[in-house]
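Structure record follows, encoded as structure tokens.
Number of protein chains: 2
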Amino acid sequence: MINKLVANIKKTEAPIVVGLDPMLNYIPEHVQKKAFAEYGETLEGAAEAIWQFNKAIVDSTYDLIPAVKPQIAMYEQFGIPGMQAFKKTVDYCKEKGLVVIGDIKRGDIGSTSAAYAVGHLGKVAVGNNSFAPFDEDFATVNPYLGSDGVNPFLDVCKEEKKGIFVLVKTSNPSSGEFQDQKIDGRPLYELVGEKVAAWGEEAMGDDYSYVGAVVGATYPEMGKVLRKIMPKAYILVPGYGAQGGKGKDLVHFFNEDGLGAIVNSSRGIIAAYKQEKYANFGAENFADASRAAVEDMVADIKGALGK
Amino acid sequence: MINKLVANIKKTEAPIVVGLDPMLNYIPEHVQKKAFAEYGETLEGAAEAIWQFNKAIVDSTYDLIPAVKPQIAMYEQFGIPGMQAFKKTVDYCKEKGLVVIGDIKRGDIGSTSAAYAVGHLGKVAVGNNSFAPFDEDFATVNPYLGSDGVNPFLDVCKEEKKGIFVLVKTSNPSSGEFQDQKIDGRPLYELVGEKVAAWGEEAMGDDYSYVGAVVGATYPEMGKVLRKIMPKAYILVPGYGAQGGKGKDLVHFFNEDGLGAIVNSSRGIIAAYKQEKYANFGAENFADASRAAVEDMVADIKGALGK
Numbered sequence: 000m001i002n003k004l005v006a007n008i009k010k011t012e013a014p015i016v017v018g019l020d021p022m023l024n025y026i027p028e029h030v031q032k033k034a035f036a037e038y039g040e041t042l043e044g045a046a047e048a049i050w051q052f053n054k055a056i057v058d059s060t061y062d063l064i065p066a067v068k069p070q071i072a073m074y075e076q077f078g079i080p081g082m083q084a085f086k087k088t089v090d091y092c093k094e095k096g097l098v099v100i101g102d103i104k105r106g107d108i109g110s111t112s113a114a115y116a117v118g119h120l121g122k123v124a125v126g127n128n129s130f131a132p133f134d135e136d137f138a139t140v141n142p143y144l145g146s147d148g149v150n151p152f153l154d155v156c157k158e159e160k161k162g163i164f165v166l167v168k169t170s171n172p173s174s175g176e177f178q179d180q181k182i183d184g185r186p187l188y189e190l191v192g193e194k195v196a197a198w199g200e201e202a203m204g205d206d207y208s209y210v211g212a213v214v215g216a217t218y219p220e221m222g223k224v225l226r227k228i229m230p231k232a233y234i235l236v237p238g239y240g241a242q243g244g245k246g247k248d249l250v251h252f253f254n255e256d257g258l259g260a261i262v263n264s265s266r267g268i269i270a271a272y273k274q275e276k277y278a279n280f281g282a283e284n285f286a287d288a289s290r291a292a293v294e295d296m297v298a299d300i301k302g303a304l305g306k
Numbered sequence: 000m001i002n003k004l005v006a007n008i009k010k011t012e013a014p015i016v017v018g019l020d021p022m023l024n025y026i027p028e029h030v031q032k033k034a035f036a037e038y039g040e041t042l043e044g045a046a047e048a049i050w051q052f053n054k055a056i057v058d059s060t061y062d063l064i065p066a067v068k069p070q071i072a073m074y075e076q077f078g079i080p081g082m083q084a085f086k087k088t089v090d091y092c093k094e095k096g097l098v099v100i101g102d103i104k105r106g107d108i109g110s111t112s113a114a115y116a117v118g119h120l121g122k123v124a125v126g127n128n129s130f131a132p133f134d135e136d137f138a139t140v141n142p143y144l145g146s147d148g149v150n151p152f153l154d155v156c157k158e159e160k161k162g163i164f165v166l167v168k169t170s171n172p173s174s175g176e177f178q179d180q181k182i183d184g185r186p187l188y189e190l191v192g193e194k195v196a197a198w199g200e201e202a203m204g205d206d207y208s209y210v211g212a213v214v215g216a217t218y219p220e221m222g223k224v225l226r227k228i229m230p231k232a233y234i235l236v237p238g239y240g241a242q243g244g245k246g247k248d249l250v251h252f253f254n255e256d257g258l259g260a261i262v263n264s265s266r267g268i269i270a271a272y273k274q275e276k277y278a279n280f281g282a283e284n285f286a287d288a289s290r291a292a293v294e295d296m297v298a299d300i301k302g303a304l305g306k
């Protein structure tokens, strides 16, 4: 799947991923109204609004982008119907040829970690049958529990040729509370980065590993160091746009081959119609606004990379 | 809810929690067969088997125990039907008067963490309505992202009088890879413990805080130190039984009031019928074996505490 991700990025010339994190207040009123008319102001209604919103954005952008990253929390908050909308979104994006990164940030140990891994990336056995319950292409994983938490994911990744992105240095302001703490003079996130490189060595695609890393756009200097520590890891970069990261901050997340990083934007794309810059599209044409925002983001990043 | 947890523990005189982590191979064949006869060897069939297994164990033990801890991964791996079985289990345990600790180990930032918090502990708004989608009493939370990840849970906990257990020192062998790393001579888990104490100060129940901690039974010396660092935090202790922790290892996790810790056992209880010790019950009477295992576990811990 890392090979497909790289191929998709080369094809679209767009090292970006659209974060499908549909908060209800991002969804235009006419979409919500239609869903509520059918299902009421219920969890089912919310799930339908999310699904219709996602579908319109995917339909309007899929030819420009290599991948999407649905944030499962935004679906899980609507209970079972929300999880159904998550699943529907994953399936639809895959039909459209997109790589799907499940932003699930799971992390546990042993058989529990294995359960998450089969549930999201692999197949679960029931009697003589097996099923791929959520079937994303990649999942994000929290490293706090160490190798016991990551290895079960690796086993499934190797079997299914799928991948993970391990949280190394997150984009939020308080990420330093633990991640920046110095161990023998070096921050914890470097240690985690070294582990990512080691875990990744045993699961290589053609040029990059099945094991990637999450490093926030908001910390470009740290990104530069981590790029060197994990040369074969694809870096998933959140924090662009709404969280403050800009194209020029991203240069050092990439390798010299122009690859190695994929930059996420969520509300900057999916709620673009709410920005002054794209206001002329109007809420009715929110999906066209998202397309324009994708084009602008790609241009910004290409410009920064000198392409 | 921390007050209810303490009250339940005093009433039952059992500082334990039963981990409802129903792997299919723990579930007796007759239960699986019946579920598969009705729903086929499908995700629905697996979910039904899990639910019937859980229900029997809860019916057989609820009067002896204060709380249960369903591990969501074991349900999530069976997709949507699995999540429905999780929800059904949570609801049923609450009907029985048990405190429900959702072992979800979620952790994200800002609005995403808030989405997990409302989805699992609070209420989510849809139009003019609001819903409590999963509605556990407590949730476990991963601290790697710092305060930005924990505060949204705290906001919901204060509003709903619910609680969280933050991963501090986990029970697994590789937990030390990051958690034991020394920062100015002190391990990371102590730093996390200090944060737990600080987060907990602003959300106090009568004697204990809404903010608890997870510390593995397999590291009793660390538990002793952490007990002092977080005097008002309830400690959820995994790793008893199958993972190697014994009653005598647990003494220092408790405060002098005999409270302050709740010890989890999962497969040691729910799959007790598979142990030589309880083999005479037979698979047909698996729930009775679980009851006997609960009684033995309570006696072991009481003995260790000198009660």
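So the protein lines, in turn, are chains A and B. One point on numbering: in numbering that gives the first Met the number 0, the residue at position 203 of the first sequence is 202, and numbering is uninterrupted. One point on numbering: in numbering that gives the first Met the number 0, the residue at position 146 of the second sequence is 145, and numbering is uninterrupted. The beta-carbon is built from N, C-alpha and C at its ideal position, and this holds for glycine as well. Keep in mind it's a predicted model, so treat the numbers as computed, not measured.
Whole-angstrom C-beta distance between residue j and residue i, which should lie under 8 Å
i, j, result
"A114(B)", "Q76(A)", "4 Å"
"F137(A)", "K161(A)", "6 Å"
"L235(A)", "V213(A)", "5 Å"
"A13(A)", "I64(A)", "6 Å"
"K87(B)", "W50(B)", "6 Å"
"I108(A)", "G78(A)", "Incorrect: roughly 27 Å between the Cβ atoms, too far for contact."
Assigned exposure category for residue i - 16 Cβ within 10 Å defines buried
i, result
"N24(A)", "exposed"
"P132(B)", "buried"
"M296(B)", "buried"
"A36(B)", "exposed"
"P237(B)", "buried"
"K168(B)", "buried"
"M203(A)", "exposed"
"A278(A)", "exposed"
"S170(A)", "buried"
"G305(A)", "exposed"
Min CB distance residue i to chain B below 9 Å
i, result
"N284(A)", "no"
"D107(A)", "yes"
"S170(A)", "yes"
"F133(A)", "yes"
"S112(A)", "yes"
"K104(A)", "yes"
"L19(A)", "no"
"V30(A)", "no"
"L166(A)", "yes"
Endpoints, alpha helix (DSSP H) assigned at residue i
i, result
"S110(B)", "109-119"
"F152(B)", "146-159"
"N128(B)", "Run containing N128(B): none in the alpha helix (DSSP H); it sits in the beta strand (DSSP E), 128-130."
"L190(B)", "187-200"
"G222(B)", "219-228"
"K301(A)", "285-303"
"F177(B)", "175-178"
"L4(A)", "1-11"
Check: residue i C-beta below 8 Å from any heavy atom of the ligand ADP
i, result
"Y74(B)", "Within the structure as shown, the ligand ADP is missing, as the structure has no ligands at all."
Minimum Cβ-Cβ distance from residue i to chain A less than 9 Å
i, result
"V98(B)", "no"
"Q76(B)", "yes"
"K273(B)", "no"
"D295(B)", "no"
"I182(B)", "yes"
"G101(B)", "no"
"Q51(B)", "no"
"A72(B)", "yes"
Limits of the beta strand (DSSP E) - the one that residue i falls within
i, result
"S264(A)", "260-264"
"D102(A)", "98-105"
"F77(A)", "It is not in any beta strand (DSSP E) - F77(A) carries neither H nor E in the DSSP assignment."
"V250(B)", "No beta strand (DSSP E) contains V250(B), which DSSP labels as neither H nor E."
"I163(A)", "162-168"
Cross-chain neighbours of residue i in chain B, by beta carbon under 7 Å
i, result
"A45(A)", "V125"
"V117(A)", "Q76"
"A260(A)", "By Cβ distance, chain B contributes nothing, its closest Cβ being about 20 Å from A260(A), past 7 Å."
Chain-ordered neighbours of residue i on chain B, where CB pairs are closer than 8 Å
i, result
"E40(A)", "V125, G126, N127, N128"
Neighbouring residues, chain A, relative to residue i (Cβ below 8 Å)
i, result
"P142(B)", "Y143, F177"
"K86(B)", "G78, I79"
Where residue i meets chain B, residues with beta-carbon distance less than 9 Å
i, result
"D147(A)", "T169, N171, P172, S173, S174, E176"
"F35(A)", "V125, G126"
"K194(A)", "E176, F177"
Chain-ordered chain A contacts of residue i [CB-CB under 7 Å]
i, result
"M22(B)", "S110"
"M82(B)", "I79, M82"
"V155(B)", "Simply none; closest approach about 11 Å."
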